[in-house]
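Taking full-length UniProt numbering, the leading residue of the sequence shown gets 1, the next gets one more, and so forth.
One structure is given here, and the rest of the page talks about it.
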Amino acid sequence: MSLVQVDELCVTYGATTALSRVSLRIDPGEIVTIVGPNGSGKTSLLRAIIGAIKPFKGQVSHAHDLKIGYVPQKLHIDETLPITVSRFLNLQGGVTSTDISEALTQAGVPELEKAQLSQLSGGQFQRVLLARALIAKPDLLLLDEATQGLDQRGSASFYQQIETVRNTTGCAVLMISHELHVVMSASDRVICLNSHICCEGTPAVVASAPEYRALFGSGTGGALALYRHEHDHGHDHADHHHQHTKVVE
Ligand SMILES: Nc1ncnc2c1ncn2[C@@H]1O[C@H](COP(=O)(O)OP(=O)(O)OP(=O)(O)O)[C@@H](O)[C@H]1O
């Protein structure tokens, strides 16, 4: 049974067609990445999946009692507001301190519980947002360009953490990224979107597909090279390898 099934989805804004006949499914425990140029409908797809926008045509169905955790691109907080990470994670109330430390551990930052939110680095802050999404123990984690503003090492290490989260909690992950070369080693499946689905498959298949290359240019050869490089060396020291791997983009 799929967690999410999207059938022939069309989304329009006035005369603009954002999504045209998009069909896909997300199964339990898989990591699916959506890549696509600006304006290709990636955010519209996520918003249709969480029910924030109504399809013009087609439909989105969820598994019964599906719990979704959402990690936004960014969250603007008032820097002058003195608030600790654990208080931030319990803003809505009803969250136990065990829930908080478990979520922070899953997000890879158990030491940040008492830290001031305004003093976190970009990468630490994104992990706190990840912890916030994990508190409800979601079946599906949605990430919308969650590493914007991080450098390539920061993004790579964040996506590695996502893979760890999937491995420890068993949740499925659907994420949007511009950076196929960074996310691909953490993805089981990649869907390339340009209003419609251009191509999909394993990261290696998508990176070498002519449809993908037509959208992202010939520099994507570097994506494939990096993907192979990482897989040759396993995931344990990906940070280290990212430092030494030249990405041709
Ligand atoms: N609220 C809206 N009103 C009108 N048009 C919209 C609205 N939201 C999105 N669009 C249009 O729909 C198309 C798809 O936008 P969407 O934000 O889904 O793409 P995206 O792939 O997420 O883009 P980006 O990578 O730039 O974030 C674009 O042409 C955009 O201008």
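For glycine and all other residues, C-beta sits at the position ideal for the given N, C-alpha and C.
Remark: the shortest separation between the CB of residue 33 and any heavy atom of ligand 1 does not fall under 7 Å. Between the region 66-83 and the region 110-122 there are three or more C-beta pairs closer than 8 Å, enough to call the two in contact. Secondary structure note for residue 180: its alpha helix (DSSP H) is the uninterrupted segment 180-183. Remark: the C-beta of residue 13 is in contact range of ligand 1, defined as less than 7 Å to any heavy atom. Three or more beta-carbon pairs separated by less than 8 Å are not found between the region 171-180 and the region 102-111, which leaves the two stretches without contact. In the three-state reduction of the DSSP assignment, residue 172 falls in the strand class. Set against 7 Å, the gap from the CB of residue 167 to the closest heavy atom of ligand 1 is not smaller. Counting along the chain, the unbroken alpha helix (DSSP H) around residue 97 starts and ends at 97-106. Not one heavy atom of ligand 1 falls within 7 Å of the beta-carbon of residue 149. Here residue 33 carries a strand assignment [DSSP, helix/strand/coil]. As the crow flies, the alpha-carbon of residue 160 is around 11 Å from that of residue 153. Of the candidates 103, 145 and 148, 103 places its Cα closest to the Cα of residue 133.
With a beta-carbon spacing of about 6 Å, residue 146 and residue 126 fall inside the 8 Å limit used to define contacts.
Residue 129 and residue 71 have their alpha carbons spaced roughly 6 Å apart.
Each residue's CA atom was taken as its position, placing residue 56 and residue 45 some 12 Å apart. Taking a C-beta distance under 8 Å as the contact criterion, residue 165 and residue 33 do not qualify as a contact pair. If you draw a straight line from the Cα of residue 182 to the Cα of residue 101, it comes to about 28 Å.
For residue 59, the beta-bridge partners assigned by DSSP are 7.
For residue 194, the secondary structure class from DSSP, reduced to helix, strand or coil, is strand.
Taking C-beta separations shorter than 7 Å and ignoring five residues to either side along the sequence, the partners of residue 199 in its chain run 192, 206, 209, 211 and 212, following chain order. The alpha-carbon of residue 135 is positioned some 8 Å away from that of residue 95. Exclusion of the five residues before and after residue 9 leaves 19, 21, 22, 23, 45, 48, 55, 57, 58, 59 and 60 as the residues of its chain whose Cβ lies within less than 8 Å of its Cβ. Assigned with DSSP and collapsed to three states, residue 149 falls in coil, not helix or strand. In the structure shown, the three-state DSSP call for residue 116 is strand. For the options 144, 68 and 40, the alpha carbon positioned closest to that of residue 4 is the one of 68. Those residues that bring their Cβ nearer than 6 Å to a heavy atom of ligand 1 are 13, 16, 18, 36, 38, 39, 40, 41, 42, 43 and 44. If you ignore the 5 residues before and after residue 26, its C-beta comes within less than 7 Å of the C-beta of 2, 3, 4, 32, 140, 172 and 174, all in its own chain and listed in chain order.
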